[in-house]
Amino acid sequence: MNHLGTLPKLFSVTLLASSLMLTGCNDSNDDSSDNISTNLVTKTESYAPEQTTATTTVSDKITYKMPSINAGQTTATAVVMIPKGTMPANGWPVVVWAHGTTGVADQCAPSNLKDTDGKFTLGGTLPIVQQLLSEGYAVVAPDYEGLGSPGIHPFLNAKSESQSIISALQAAEQQYSKQLSKDWVVVGHSQGGHAAIAAAERAGDAGFNFKGVVAYAPASNLGTILLGGYSQIKGALNTPAGVPTAKAVLPGLQAFSALATAGVKQTQPQFTYNMAFTSDRAANIAAKAETECYPQVSADFSTDINAYYDDAQNATTLYPGLDENFNKIPSIAIFLLDSKIGQKSINMPLLVLQGDDDRTVPKGATQLLEQQIRTTNQSNSNITFKYEAGQDHGSIVTDAANPNGQLAAFLETNLPSN
26 MNHLGTLPKL
36 FSVTLLASSL
46 MLTGCNDSND
56 DSSDNISTNL
66 VTKTESYAPE
76 QTTATTTVSD
86 KITYKMPSIN
96 AGQTTATAVV
106 MIPKGTMPAN
116 GWPVVVWAHG
126 TTGVADQCAP
136 SNLKDTDGKF
146 TLGGTLPIVQ
156 QLLSEGYAVV
166 APDYEGLGSP
176 GIHPFLNAKS
186 ESQSIISALQ
196 AAEQQYSKQL
206 SKDWVVVGHS
216 QGGHAAIAAA
226 ERAGDAGFNF
236 KGVVAYAPAS
246 NLGTILLGGY
256 SQIKGALNTP
266 AGVPTAKAVL
276 PGLQAFSALA
286 TAGVKQTQPQ
296 FTYNMAFTSD
306 RAANIAAKAE
316 TECYPQVSAD
326 FSTDINAYYD
336 DAQNATTLYP
346 GLDENFNKIP
356 SIAIFLLDSK
366 IGQKSINMPL
376 LVLQGDDDRT
386 VPKGATQLLE
396 QQIRTTNQSN
406 SNITFKYEAG
416 QDHGSIVTDA
426 ANPNGQLAAF
436 LETNLPSN
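In terms of our numbering, the sequence shown is residues 26 to 443.
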């Protein structure tokens with residue numbers, strides 16, 4: 026699965042304490058979507074027909090209009106799949122699939138990604154989508170604003186992610202109105218878990234019958250995670266474990282930061298990488314996020330970080346990457362505020378599944394998110410957080426492809442397919 030880079034596992038106490046200086050209120054001006062023109066879909070094309078013909082009546086990639094994070098209108102892309110079989114009287118119920126991190130460059134859009142054999146993979150999540158189809162659900166899988174469409178993807182911007190999901194749903198409902206039900210849920214993993222919760226917080230904007238949200242290891246409390254990562258590395262650098270720890274943890278942390286800062290440029294054009302990275306070497310690698318996908322950016326940082334620590338004189342110093350006081354940089358502080366979830370009400374069932382052994386989105390970050398969501402939604406008695414022993418960031422989402430898994434049970438209860 027594509028996901029956020031590997032970051033250290035942090036203690037809940039550290040997360041809860043350090044979150045106090047990063048917590049703020051979300052922008053109160055994003056409660057309603059901008060009005061957009063009636064005809065939302067501007068283009069349709071067949072998606073992966075050789076892989077989907079046996080299970081779908083529709084497998085299309087659509088280009089649709091949506092409100093831009095920078096005001097005005099832009100276009101985005103999504104994959105829409107509708108299963109074969111006897112259509113329910115009110116149409117096929119809809120699951121919106123929100124994907125995990127792939128990058129911010131156009132080539133990183135899940136609808137563009139292929140394996141080494143040239144087959145489409147939907148960012149590695151096609152098996153999950155196929156399982157949902159087999160259970161009687163239509164699937165809408167947005168790429169998000171700026172992925173495969175104009176501009177840079179505003180990575181982990183809660184308003185942009187949620188608008189991408191809502192506009193994709195609206196476009197699909199318009200284009201395939203005779204086949205789709207008005208009932209929908211949103212499901213996501215990692216960045217997609219973050220996006221799913223953001224969409225649930227704004228579900229009323231969609232104009233349809235929202236039935237719930239499932240989030241696997243949702244990204245949240247991003248500044249807290251990064252601060253904790255730096256704290257762990259700095260603590261280790263004066264010990265024999267220092268260099269191995271830095272080499273293991275820093276590439277993912279720096280690559281994650283590169284995606285975030287690339288996305289900042291979409292909403293704050295005056296921003297430059299040297300504002301956030303403390304050396305030209307790191308800033309130049311971070312800039313590659315505009316043209317490379319996450320795995321390559323992480324590999325580029327890994328090569329440079331290994332070279333840095335292979336020089337013995339650097340054994341006890343921190344690699345000159347993201348400024349460890351990043352949260353005090355105005356542009357980054359705005360990004361952290363724009364990324365926040367858990368501050369708005371969710372009126373339908375919410376299920377969050379988190380692995381105890383997750384080193385990418387640490388358990389403590391999700392425990393903090395749980396505290397935030399429960400505080401905001403005290404009247405919602407259908408909020409469930411489950412912490413799964415032995416599960417990590419990748420393994421937790423395999424539940425989504427399990428016909429007897431927790432997602433299947435959630436859908437059967439809240440969005441039955443027949």
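Beta carbons are placed, not taken as given, at the ideal position from N, Cα and C, and that holds for glycine.
Remember, predicted model here, so these are calculated numbers, not experimental data.
Query raised in the report: Mind checking whether S282 and A244 have CB atoms under 9 angstroms apart?
Result: Between S282 and A244, the CB-CB gap reaches or exceeds 9 angstroms.
Query raised in the report: Quick one: what's got a C-beta closer than 8 angstroms to D52's C-beta in the same chain, skipping five residues either side?
Result: Caution is warranted here: a pLDDT of 42 is assigned to D52, below 50, making its placement in the model unreliable, and no coordinate value can be reported.
Query raised in the report: If you pair each beta-carbon of the stretch 422–434 with each one of the stretch 398–405, do three or more pairs fall below 8 angstroms?
Result: Short answer: they don't touch.
Query raised in the report: Helix, strand or coil for M112 per DSSP?
Result: Of the three classes helix, strand and coil, the one that applies to M112 here is coil, per DSSP.
Query - Cβ neighbours of D55 in the same chain (closer than 6 angstroms, five flanking residues each side left out) - result: Low confidence applies to D55: its pLDDT is 44, below 50, so where it sits in the model is not reliable enough to give any reading.
Report task. Using a Cβ-Cβ cut-off of 9 angstroms, state whether K109 counts as contacting chain C. Result -> No chain C appears in this structure, which consists of one protein chain only.
**Report entry** Start and end residues, beta strand (DSSP E) containing G213
**Finding:** Per DSSP, G213 belongs to the beta strand (DSSP E) from L205 to H214.
Query raised in the report: For L138, which of helix, strand or coil comes out of DSSP?
Result: Here DSSP, grouped into helix, strand and coil, assigns L138 to coil.
Report task. Answer yes or no: do M106 and D85 have a C-beta to C-beta separation smaller than 9 angstroms? Result -> Cβ distance < 9 angstroms, so M106 and D85 count as in contact.
Query raised in the report: Quick one: what's N234 bridged to in DSSP?
Result: Beta-bridge annotation (DSSP): N234 is paired with D208.
Query - As assigned by DSSP and simplified to three states, the class of K86 - result: Under the three-state reduction of DSSP output, K86 falls in the strand class.
Query raised in the report: Do the CB positions of S187 and D131 come within less than 9 angstroms of each other?
Result: Contact flag unset, no.
Requested in this report: Have a look at G267 and T341 and give me their C-alpha separation to the nearest angstrom.
Outcome: In this structure, the straight-line span from the alpha carbon of G267 to that of T341 is close to 7 angstroms.
Query - Distance, E160 Cα to P7 Cα - result: Here the chain comprises residues numbered 26 to 443, so residue 7 is not present and cannot be evaluated.
Report task. Consult DSSP for A308 and reduce its assignment to one of helix, strand or coil. Result -> Helix.
Query raised in the report: What does DSSP give as the partner residues of T77 in its beta bridges?
Result: Among the bridge pairs identified by DSSP, T77 is matched with none.
Requested in this report: In the DSSP assignment, find the alpha helix (DSSP H) that holds Y344 and state where it starts and stops.
Outcome: Careful: Y344 lies outside any alpha helix (DSSP H) and carries neither H nor E.
Query raised in the report: Near A193, which residues of its chain fall below 6 angstroms by C-beta distance, leaving aside the five closest residues on each side in sequence?
Result: Excluding sequence neighbours, A193 sits near A103, V165 and P167.
Report task. Provide the residue(s) that pair with M373 in DSSP beta bridges, ordered along the chain. Result -> None, per the DSSP bridge assignment.
**Report entry** Helix, strand or coil at L393 [DSSP, three-state]
**Finding:** In the structure shown, L393 sits in a helix (DSSP, three-state: H, G or I).
Query - Three-state secondary structure assigned by DSSP to E70 - result: Secondary structure at E70: strand, using DSSP grouped into helix, strand and coil.
Report task. For K144, collect the residues of the same chain with a Cβ closer than 8 angstroms to its Cβ; drop the 5 residues on either side in sequence, then sort them by chain order. Result -> Closer than 8 angstroms at the Cβ level, and outside the excluded window around K144, lie A73, E75 and Q76.
Report task. Count the C-beta pairs between the stretch 233–240 and the stretch 373–383 that are closer than 8 angstroms, then say yes if the count reaches three, no if not. Result -> They touch, by the three-pair rule.
Query raised in the report: By how many angstroms is the C-alpha of A324 removed from the C-alpha of A337?
Result: Using only the alpha carbons, I get a separation of about 22 angstroms.
Requested in this report: Please find out if some non-hydrogen atom of the ligand GDP comes closer than 8 angstroms to the beta-carbon of A163.
Outcome: This structure lacks the ligand GDP, and indeed carries no ligand of any kind.
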